[in-house]
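Note sheet for the following structure.
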Amino acid sequence: AQKITQTQPGMFVQEKEAVTLDCTYDTSDPSYGLFWYKQPSSGEMIFLIYQGSYDQQNATEGRYSLNFQKARKSANLVISASQLGDSAMYFCAMRAPLTGTASKLTFGTGTRLQVTL
Amino acid sequence: AAGVIQSPRHLIKEKRETATLKCYPIPRHDTVYWYQQGPGQDPQFLISFYEKMQSDKGSIPDRFSAQQFSDYHSELNMSSLELGDSALYFCASIKSQGLGTEAFFGQGTRLTVV
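Protein chains in written order, with our numbering: chain A, 1 to 117; chain B, 1001 to 1114.
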């Protein structure tokens, strides 16, 4: 069974600072994908970044980067230069195995990020 | 770029009524997932379809059913609604072949049962 753990229920960061949101995972499948989503108060689930288990380099998308440490089974999201609009709930999710047609996205419990002035 | 379309965005129903939620996945995406997210909760997997066939089933009540049609759109049918069914319902579409790097959600349908 797949499991995603996000141990930070809430985080505060000052505007323009960087922040790291933690995510650890557990799976026995060698092929898996890790996703991060942002959910603002309006409710939509916005895809941020993806990391495949076989990817050699850490994924980056603009101000978002993923610190992927395969041996430690962690996939932390780093947001650089935080903005007030980054205040939201952030979910880490995993899909394993990647090649399976029946493999669902399993979510963590989320981290609520608050960006302050 | 086309996104996942869900309708309606908001729905208010009374107890014991029936609701139908619709999802139109991204073109060429072959897999659709349905999730239920209660207030302050993480999304819980309900059911998925691959190429119009049910591929996996999660914690979906027997009162709920879903299907995917020939045009790949999917519908979640909910009967005998209960107060506890009030939640945000998401549909996500994925291109499962290859690396599965695309996993996008619709804006959700907020169902309120009164």
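Virtual Cβ for every residue (Gly too), placed ideally from N, Cα, C.
All figures in this text were calculated on a predicted structure; none of them were measured in a lab.
Roughly how many whole angstroms lie between the Cα atoms of residue i and residue j?
{"i": "Ala1002 of chain B", "j": "Ile49 of chain A", "result": "18 Å"}
{"i": "Gln1037 of chain B", "j": "Asp1030 of chain B", "result": "23 Å"}
{"i": "Ser1070 of chain B", "j": "Phe1049 of chain B", "result": "12 Å"}
{"i": "Gly1084 of chain B", "j": "Asp26 of chain A", "result": "30 Å"}
{"i": "Glu1075 of chain B", "j": "Arg1110 of chain B", "result": "15 Å"}
{"i": "Ser41 of chain A", "j": "Phe1064 of chain B", "result": "27 Å"}
{"i": "Glu1017 of chain B", "j": "Glu1082 of chain B", "result": "9 Å"}
{"i": "Phe1090 of chain B", "j": "Thr1020 of chain B", "result": "13 Å"}
{"i": "Tyr1024 of chain B", "j": "Gln1054 of chain B", "result": "16 Å"}
Start and end of the beta strand (DSSP E) containing residue i?
{"i": "Glu1102 of chain B", "result": "Counting along the chain, Glu1102 of chain B falls outside any beta strand (DSSP E), and DSSP gives it neither H nor E."}
{"i": "Tyr1050 of chain B", "result": "Gln1044 to Tyr1050"}
{"i": "Phe1069 of chain B", "result": "Per DSSP, Phe1069 of chain B belongs to no beta strand (DSSP E) and is neither H nor E."}
{"i": "Asn76 of chain A", "result": "Ser74 to Ile79"}
{"i": "Gly10 of chain A", "result": "Gly10 to Gln14"}
{"i": "Asp26 of chain A", "result": "Thr24 to Asp26"}
{"i": "Lys1015 of chain B", "result": "Lys1015 of chain B -> no beta strand (DSSP E), and no H or E assigned at all."}
{"i": "Gln114 of chain A", "result": "Thr111 to Thr116"}
{"i": "Asp1056 of chain B", "result": "Met1053 to Lys1057"}
Nearest by alpha-carbon distance to residue i: which of the options is it?
{"i": "Ser82 of chain A", "options": "A:Val19, A:Ala88 and A:Cys23", "result": "A:Val19"}
{"i": "Ser1080 of chain B", "options": "B:Ser1059, B:Arg1009, B:Ser1007 and B:Lys1013", "result": "B:Lys1013"}
{"i": "Gly110 of chain A", "options": "A:Val78, A:Cys23, A:Arg95 and A:Val13", "result": "A:Cys23"}
{"i": "Lys1052 of chain B", "options": "B:Lys1022, B:Gly1108, B:Ser1093 and B:Gln1067", "result": "B:Gln1067"}
{"i": "Phe91 of chain A", "options": "A:Gln39, A:Gln14 and A:Pro30", "result": "A:Gln39"}
{"i": "Gln69 of chain A", "options": "A:Gly62, A:Phe47 and A:Leu34", "result": "A:Leu34"}
{"i": "Ile1026 of chain B", "options": "B:Phe1105, B:Val1113 and B:Ala1019", "result": "B:Phe1105"}
{"i": "Val1113 of chain B", "options": "B:Ala1103, B:Leu1088, B:Gly1058 and B:Ile1094", "result": "B:Leu1088"}
{"i": "Asn58 of chain A", "options": "A:Ile46, A:Ala75 and A:Leu21", "result": "A:Ala75"}
{"i": "Phe1045 of chain B", "options": "B:Ser1096, B:Glu1102, B:Gln1107 and B:Ala1092", "result": "B:Ala1092"}
Let me know if residue i comes out buried or exposed under the rule of 16 or more other beta-carbons within 10 Å of its beta-carbon.
{"i": "Tyr54 of chain A", "result": "exposed"}
{"i": "Thr106 of chain A", "result": "buried"}
{"i": "Asp1062 of chain B", "result": "exposed"}
{"i": "Gln14 of chain A", "result": "exposed"}
{"i": "Ala93 of chain A", "result": "buried"}
{"i": "Pro1008 of chain B", "result": "exposed"}
{"i": "Leu77 of chain A", "result": "buried"}
Give me the chain B residues within the contact set of residue i, using Cβ-Cβ distance strictly less than 8 Å, ordered along the chain.
{"i": "Gly43 of chain A", "result": "Leu1088, Gln1107, Gly1108 and Arg1110"}
{"i": "Phe35 of chain A", "result": "Ala1103"}
Give the interface partners of residue i over in chain B, defined as CB-CB distance under 9 Å, in chain order.
{"i": "Phe12 of chain A", "result": "In chain order: nothing, as chain B lies at least about 19 Å away."}
{"i": "Phe68 of chain A", "result": "Under the 9 Å cutoff, chain B gives no residues; its nearest Cβ is about 14 Å from Phe68 of chain A."}
At 8 Å on the CB atoms, spell out the chain A contacts of residue i, in chain order.
{"i": "Asp1042 of chain B", "result": "Phe91, Phe107, Gly108, Thr109 and Gly110"}
{"i": "Phe1069 of chain B", "result": "What Phe1069 of chain B touches in chain A: nothing, since even the nearest Cβ is about 18 Å away."}
Chain A partners of residue i, CB-CB under 7 Å?
{"i": "Tyr1033 of chain B", "result": "Lys104 and Leu105"}
Which chain A residues are close to residue i, counting only those with a beta carbon under 9 Å from its beta carbon?
{"i": "Phe1045 of chain B", "result": "Lys104, Leu105, Thr106 and Phe107"}
So is the beta-carbon of residue i under 8 Å away from any non-hydrogen atom of the ligand FAD?
{"i": "Leu1083 of chain B", "result": "The ligand FAD is not among the ligands present in this structure, which contains no ligands whatsoever."}
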